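Residue numbers (the working numbering), protein chains in the order written: chain A, -3 to 237; chain B, 87 to 479.
Just so it is clear, CB atoms sit at the ideal spot from N, CA and C, and this is done for glycine as well.
All values derive from a computational prediction rather than experimental measurement.
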């Protein structure tokens, strides 16, 4: 309960800051973003993150699944290693590289964020599927479930909480990363922040940063809810205890 | 009926897990694969439902070669229980038990009623347990659900791989007893893997003793204990054969009829008269339906008090299938040093006393003495003939 109180307080403050900054109209000779511009930027921001995340889920989960299968298992140490190393590359460098390689704009940002989200999703899918107890799979096989029935009725339901945790982490991280994408002209709240930095107007930076933070917090809470909702009831108790 | 013909399992590395194993398990028979770890017993079991493919040889179930069936269809008709239980943590007890019924596409109502019936059978109150999750059950309760689940599709054959291996000895004992009672009722064809000799002797109709992938002896428990085929079997069975012999006998083999039985509604003074007349210090009390309620002793009978008020409820009872070594330890917990034997419906079927057990032990000790003497004599003769041969050369 206390969690929600803090959450709503924080959201309230962030929205307050956004509205206040927008209401200023001008700071010195600089004009603040209009309400429409803030709203459009927020939606654009969300669009970049959501597109990248959706692609990462569509491609990451099947890859994570394949590397747990016998024929591809040899790839898994390489892939997990790659995922860990990939996370250490600075976001800024990553987006810069994408911008140079693909040309500035929306596509480059989505591709960069997609790759960035892909690795934790693969890693968590792999870890979740590997954590299914072998005796549970053996019992399933011994009772006559086909390979696909075991995957769909046993392995994925048991791995689901871990997979969703991966999606949640990568989404929240990417809301932050997407702000950097403003640098390569992808639009989104990064635009406001970048212009704020360029003209050294703190209020303008806040006008972009506050809604981005609010977005991250909201998505985190929503996906947290989804995580609990999709955790099989019989496993919730053990996970807390 | 299960028939193994020259079954061999060789792994790519060249190790042979099972070598030329041939044996037959008859309809309704409880067969134990027994042996030290690494003897190939689990591998043999898993080849029956094709979890492990054979290297050579054939396995028949009711004269049909298992290789000619779809493995999943084959497995759905063979109950399977393992030491780790492997209950599905994300499914309720009912859904776990109905795993095979669901695979066989039985109706929802039938799945539910199967789960209810099987919970009842394994001694778990359906209303309490049916909608729980495995994480909400104790280890013993999970094991019971595991047994219920392997019976789910009503298979004629059960394969059980140390199903009671991972639980404490007291619970294990109770589960063994209950499972024997269930088997008395269901008459499944069972292959049961264990490394525990006590469990093998208690549960099995037939024991296949294995070592290094080879079948050393395949016989009923009595034969295995009394006529071990070679030194390995003898060593595995151990030295204290007299006490172990108690395990071979079941309560039903030696129990006596209750000497004096009364009903709980009987008049106390009449009961007193009957006890005096028979010379017994106690009587067994049942209700009109034959259900065993407890004991009554002559000393405690008072004219004013009804039988129901004076009776001593039984702390423990044995079943007809309880081995005598367990009956002996139960007896120490009985109020009057005598153990009532009751059937599944708690009707009394007999009594066991120290005197009865002493007679059994005495008889076995005498048999063993004679056997040891005979062995010594044979050994002496053998060495004598060796000597004559030696001097002749």
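- Ranked by how close their Cα comes to the Cα of residue 177 (chain B), the residues B:447, B:219, B:105 have B:219 in first place.
- Under DSSP, residue 426 (chain B) shares a beta bridge with B:437.
- In terms of Cβ geometry, residue 162 (chain B) and residue 239 (chain B) form a close pair [threshold 7 Å].
- Exclusion of the five residues before and after residue 126 (chain A) leaves 64 as the residues of its chain whose Cβ lies within less than 8 Å of its Cβ.
- Within 8 Å of the CB of residue 162 (chain B), the CB atoms of chain A belong to 139, 140, in sequence order along the chain.
- In its chain, beyond the 5 residues on either side, 173, 176 have a beta carbon closer than 6 Å to the beta carbon of residue 87 (chain A).
- The beta carbon of residue 104 (chain A) does not come within 7 Å of any beta carbon belonging to chain B, so the residue lies off that interface.
- The shortest CA-to-CA distance from residue 265 (chain B) to any of B:453, B:250, B:279 is the one to B:250.
- DSSP places residue 196 (chain B) in the helix class (H, G or I) of the three-state scheme.
- Taking a Cβ-Cβ threshold of 7 Å, the residues of chain B close to residue 134 (chain A) are 168, 172, in chain order.
- Where residue 115 (chain A) is concerned, the enclosing alpha helix (DSSP H) starts and stops at 102 to 126.
- Looking only at A:23, A:4, A:8, A:224, the smallest Cα-Cα distance to residue 201 (chain A) is reached by A:23.
- The C-alpha of residue 336 (chain B) lies about 11 Å from the C-alpha of residue 446 (chain B).
- No Cβ of chain B is located within less than 7 Å of the beta carbon of residue 226 (chain A).
- In this structure, residue 204 (chain B) sits away from residue 245 (chain B), with a CB-CB distance that is not shorter than 7 Å.
- It is roughly 12 Å from the alpha-carbon of residue 2 (chain A) to the alpha-carbon of residue 214 (chain A).
- Nearest CB-CB separation between residue 406 (chain B) and chain A: not below the 7 Å threshold.
- Of the residues B:130, B:405, B:360, B:115, the one whose Cα lies closest to the Cα of residue 259 (chain B) is B:405.
- Annotation: the continuous beta strand (DSSP E) that includes residue 372 (chain B) extends over 368 to 372.
- For the 7 Å CB-CB criterion, residue 253 (chain B) and residue 271 (chain B) do not form a contact.
- Classified as buried, residue 409 (chain B) has 16 or more neighbouring CB atoms from the shown chains inside 10 Å of its CB.
- Proximity of chain A to residue 185 (chain B) at the Cβ level (cut-off 7 Å) is accounted for by 139, in chain order.
- At the C-beta level, residue 162 (chain A) and residue 228 (chain A) stay beyond 7 Å of one another.
- Taking C-beta atoms under 8 Å as the contact rule, residue 302 (chain B) and residue 437 (chain B) fail to qualify, at a distance of about 39 Å.
- Interface annotation, residue 98 (chain B): not in contact with chain A, CB-CB separation never under 7 Å.
- By the C-beta criterion, the region 178 to 186 of chain B is judged not to be in contact with the region 117 to 130 of chain B, since fewer than 3 inter-stretch pairs fall below 8 Å.
- The region 225 to 263 of chain B is shown to contain whole beta strand (DSSP E) runs of 3 or more residues at 243 to 247, in chain order.
- A distance of 7 Å or more separates the beta carbons of residue 304 (chain B) and residue 313 (chain B).
- Within the model, the alpha-carbon separation for residue 84 (chain A) versus residue 112 (chain A) is close to 10 Å.
- Under the Cβ criterion (8 Å, minimum of three pairs), the region 143 to 163 of chain A does not count as touching the region 93 to 110 of chain A.
- The beta carbon of residue 167 (chain A) is closer than 8 Å to those of 45, 49, 113, 215, 216, 219 in its chain, skipping five residues each way along the sequence.
- Annotated as proximal: residue 299 (chain B) and residue 102 (chain B), with beta-carbon spacing under 7 Å.
- Measuring C-alpha to C-alpha distances from residue 10 (chain A) to each of A:224, A:231, A:221, A:212 identifies A:212 as the nearest.
- Leaving aside the five residues that flank residue 95 (chain A) on each side, the residues in its chain whose CB is nearer than 6 Å to its CB run, in chain order, 104, 180.
- One Cα belongs to residue 206 (chain A), the other to residue 171 (chain A), and the distance between them is close to 12 Å.
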